[in-house]
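For the sequence shown, the tail end lands on 274 under UniProt numbering, and the numbers increase by one without skipping.
Even for Gly, the Cβ is constructed at its ideal location relative to N, Cα and C.
Notes for the one structure printed next.
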Amino acid sequence: MPATIPKAKKKAAAALTPPQKLSAAARRLAIEGVPAKKAKSIAKSEPVAPKVKPGKTKKPLAPERIAAILDALRKTYPGVVCALNHRNAWELTIATILSAQCTDVRVNLVTPALFKTFPTPKAMAAASLPELEELIRTTGFFRNKAKSIKGASEVVVNDFKGQVPQTMEEILRLPGVARKTGNVVLGSFYGIAVGVVVDTHVLRLSKRLELTKNTTPEKVEQNLMKVIPQDRWIQFSHELIHHGRQVCVARKPRCAECSLEHLCNASDKTWSSH
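Listed below in structure tokens is the structure:
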């Protein structure tokens, strides 16, 4: 058992030099009773572990690196699809609007009762806001979302004969629909690749993988559209979203389990093979 250091020695050492002005090694020596000046001198001669600096990929957008990322994702998540349950384009539109600031799991718990009560765009357009609010309350921001899904249903009925439009320009006319929702519906239901879905997971992973330096969904989407082949836009979004939920989580990413780890130099990695 190591010998205890007398309190008197600790106080004497502390009085010689303010602790915050000594290095960790010097503080240890000072506590052991070594005078501050001598402690500093001895500490300087001790080996110090080098500071680890965040790594950077030399050519993060090199075609071969992009191809390797896409290949790894495809092999890891073969056939992955949109996690929101839906039977048609309208249900997917409503579900995606509800998914803002809410998990897909929660949305999938809410939509069965919602669509049973209001099974068509016409029925939802005729619903009262209090009725909608009560059914979607647990998704958060339910008052704004109720206005959006009622308004979107009205536009679908009045302007598009009850059918969700198949162009980005037209679908953006629906209240509560921005490019993310447009890309989800056009890509996942209609199979039309006009852009890349950028949600919180895609944004976070794109930055970690150095595919973008931007922080806004619009600019990140533009960056991804330049480096990801168009025929991979839809599946790439599904794969990256799934990877962000399961492995590359926001806090303490599970790097040891990651199929992209060897291609990643993110500053917040929790484990590295290189």
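Give a yes or no on whether the C-beta atoms belonging to residue i and residue j are separated by under 8 Å.
i: residue 166; j: residue 186; result: yes
i: residue 127; j: residue 141; result: no
i: residue 196; j: residue 224; result: yes
i: residue 148; j: residue 176; result: yes
i: residue 146; j: residue 136; result: yes
i: residue 85; j: residue 111; result: yes
i: residue 234; j: residue 193; result: yes
i: residue 77; j: residue 242; result: yes
i: residue 97; j: residue 200; result: no
i: residue 94; j: residue 209; result: no
i: residue 114; j: residue 189; result: no
i: residue 308; j: residue 157; result: Residue numbering for the chain in the displayed model covers 1 to 274; residue 308 lies beyond these limits and cannot be assessed.
i: residue 143; j: residue 133; result: yes
i: residue 239; j: residue 74; result: yes
Starting from residue i, follow the alpha helix (DSSP H) in both directions and report where the run begins and ends.
i: residue 222; result: 217-227
i: residue 235; result: 233-246
i: residue 271; result: Looking at the DSSP string, residue 271 is not in any alpha helix (DSSP H), and its letter there is neither H nor E.
i: residue 201; result: 200-208
i: residue 69; result: 63-76
i: residue 97; result: 89-98
i: residue 134; result: 129-136
i: residue 170; result: 168-171
i: residue 125; result: 121-125
i: residue 143; result: 142-160
i: residue 214; result: Unbroken run through residue 214: none, as it is neither H nor E.
i: residue 107; result: 104-117
i: residue 181; result: 179-184
Between which residues of its own chain and residue i is the CB-CB distance below 6 Å, once the five residues before and five after are set aside?
i: residue 279; result: It is not possible to answer for residue 279, since the shown part of the chain is limited to 1 through 274.
i: residue 53; result: Only weak support exists for where residue 53 lies, its pLDDT of 46 falling under 50; the coordinates are left without a value.
i: residue 61; result: 227
i: residue 15; result: Here the model assigns residue 15 a pLDDT of 47, short of 50, so the residue's position is not dependable, and the following value carries that caveat. There are no such residues.
i: residue 256; result: 271
i: residue 258; result: 247
i: residue 237; result: 196, 197
i: residue 48; result: Any reading at residue 48 must be qualified, since the residue scores a pLDDT of 43, below 50, and its modelled position is unreliable; no value is offered.
With a threshold of 8 Å between beta-carbons, can residue i be considered close to chain D, or not?
i: residue 149; result: Absent from the structure is chain D; it holds one protein chain and no more.
In chain order, what residues of the same chain have a beta carbon less than 8 Å from the beta carbon of residue i, not counting five sequence neighbours either side?
i: residue 160; result: 170
i: residue 232; result: 70
i: residue 151; result: 174, 175, 176
i: residue 138; result: 106, 109, 110
i: residue 50; result: Annotation note: pLDDT 37 at residue 50 (below 50); position unreliable, coordinate value reported separately. If we look at residue 50 and ignore the five residues flanking it on each side, it has no Cβ neighbours.
Spatial neighbours of residue i within its chain, please: CB distance less than 7 Å, with the 5 preceding and 5 following residues excluded, ordered by chain position.
i: residue 203; result: 217, 220
i: residue 273; result: 261, 262
i: residue 21; result: Caution applies to residue 21, whose pLDDT of 48 falls short of 50 and renders its modelled position unreliable; the value that the coordinates give is listed next. Closer than 7 Å at the Cβ level, and outside the excluded window around residue 21, lies no residue.
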